[in-house]
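Here this note's numbering is used: the first residue of the sequence shown is 19, the next is one more, and so on. Right, one structure below, let's go through it.
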Amino acid sequence: PIIPDYLAEALRDVEPHTSGEPAGYIPELAAADPERLGAAFAMIDGEVYGAGDIDTEFTIQSISKPFIYALALSDRGFAPVLAKVGVEPSGEAFNEISLESGTGRPLNPMINAGAITVHSLAGVEDLNPRERVERVLHGLSAFAGRRLEMDEAVCASEMEHAHRNLAIAHMLRNHNVLTEDPRAIVDGYTRQCSVLVTTRDLAMMAATLANRGTNPLSGEQVVPEPVVRQVLSVMFSCGMYDAAGDWATQVGIPAKSGVAGGLIGALPGQIGIATFSPRLDGHGNSVRGVSLFERFSSDMGLHVMEVP
Ligand code: GLN
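Now the structure itself:
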């Protein structure tokens, strides 16, 4: 088994890296076992290779952002979404309270301001908060190819400390970027972040992006191809927050991280990659995850700017 052996060796090599801390601002996440470690490759034909804890569940957190952006673009069309959320890298932390001056529009859908707005746009028509969460859960499940569920404890734990996201949502409401009750939208966004996934699921979700929006297992076309191009482009320029430039040059794979320790990358026409390790660096990206992706990229020549 060449690929699983390769993955197992890569995990062994990063195991000694114990720098960083699990996210502290969500108490339930701070309690996570920091030694969990897994990596999986999902091919666009549906084959999955993995090593380590690839069937351990954790919350998706910000890795939901590109997928809900995809759903909103697909449900509403491009124009209404782009009118509310831009596509420019912010160069700032994920939870920065920064909005485009004048319009109040969030700079991109990968930072919280943008993702909270995008959450409000899920669904072909205006939905109530409960229906919207259902649409989000259904959509994330379609990307994964299995029915996903929510971790209520993580969600409640984050909501108790969601003052920063509430502040962002109130700013968005002030600028009429959001038109509903900010608390209801942050509640829905937090539920979106609390969906449970495994490293295997994340690899398959990334492979759905790599496979033109069609889930390799179910064969379902989850979102159309132009939406995938848009989403991967934004992941490339904004997916790693204020580390996006380092990532683009050193790893060169459209990617997205989450504060529970997940990290995904999607290479169009080739592969979906996911890693899981809860200790985070100062940008909120998984320390071992970043180092695994650096290795995968250089060992296999995965940088999108390199001729394969
Ligand atoms: N739910 C988290 C938040 O909004 C997600 C952040 C992340 O994964 N980077 O703060």
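Glycine is no exception: its CB is placed at the ideal position from the N, C-alpha and C atoms.
Rounded to the nearest whole angstrom, the CA to CA distance from L166 to V322 is 31 Å. Nearest in C-alpha terms to L310, of all of P234, A262 and A58, is A58.
A contact is defined here as three or more CB-CB pairs under 8 Å, and the stretch 140-154 meets this definition with respect to the stretch 88-95. If you draw a 10 Å sphere on the C-beta of S251, you find fewer than 16 other C-beta atoms in it, and that means exposed. The stretch 186-196 makes no contact with the stretch 157-172; the number of CB pairs closer than 8 Å stays below 3. The residues A88, S92 and G231, in chain order, have a CB closer than 6 Å to that of V241 in the same chain once the five nearest residues on each side in sequence are set aside.
If you draw a straight line from the Cα of N229 to the Cα of P286, it is about 7 Å long. For A180 against V204, the beta-carbon gap comes to about 6 Å, under 8 Å, which counts as contact.
Taken in chain order, the unbroken stretches of beta strand (DSSP E) that lie wholly in the stretch 235-286 and span 3 residues or more are 273-275 and 280-285.
The three-state reading of DSSP puts T197 in coil, since its state is none of H, G, I, E or B. Contact between the stretch 261-278 and the stretch 32-51 is present: 3 or more CB-CB pairs across the two stretches fall below 8 Å.
Under the three-state reduction of DSSP, V213 is assigned to strand. According to DSSP, E46 shares a beta bridge with no other residue. With 16 or more other Cβ atoms from the protein chains shown falling within 10 Å of its own Cβ, R150 counts as buried. About 10 Å separates the beta carbons of S108 and N130, which is beyond the 8 Å limit, so they are not a contact pair.
Between V105 and the set S255, Y43 and G68, the nearest pair of CA atoms involves S255. In the three-state DSSP reduction, M177 falls in the helix class (H, G or I).
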